[in-house]
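Engineer: Sharing a structure below in C-alpha cells format, with a few things to ask.
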C-alpha cells in the first residue's frame, strides 16, 4: 500500500493513460473525494 505522500509521481503518470472506466472505478473505491491528500481540489473527470 502507498502512503498518501508517496503517490504523486504514479498519479501524475496515470492521468495520461487511464481510461474513463478505470478512473470511475478508482474514484468510487476512494469514496469520490473532492480533494487530494494535500487538501487541493480534484478537478472533474475529463469528458
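Numbering (the working numbering), first residue to last: 6 to 52. Glycine included, each C-beta is placed from N, C-alpha and C at the ideal position. The structure displayed is predicted, hence computed values, not measured ones.
Shortest alpha-carbon distance to residue 50 belongs to which of 43, 42, 34, 24?
Structural biologist: Numbered from 1 along the chain shown, position 45 holds the residue referred to as residue 50. If we check each option's Cα against that of residue 50, 24 comes out closest.
Engineer: Kindly indicate the opening and closing residues of the alpha helix (DSSP H) around residue 34.
Structural biologist: By 1-based counting over the chain shown, the position of residue 34 is 29. Here the alpha helix (DSSP H) through residue 34 covers 25-34.
Engineer: Tell me which residue opens and which closes the alpha helix (DSSP H) that residue 17 is part of.
Structural biologist: Walking along the chain shown from the start, residue 17 turns up at place 12. Its alpha helix (DSSP H) spans residues 13-19.
Engineer: Look at the alpha carbon of residue 10 and the alpha carbon of residue 32, and state the distance between them as a whole number of angstroms.
Structural biologist: Walking along the chain shown from the start, residue 10 turns up at place 5. Walking along the chain shown from the start, residue 32 turns up at place 27. About 18 angstroms.
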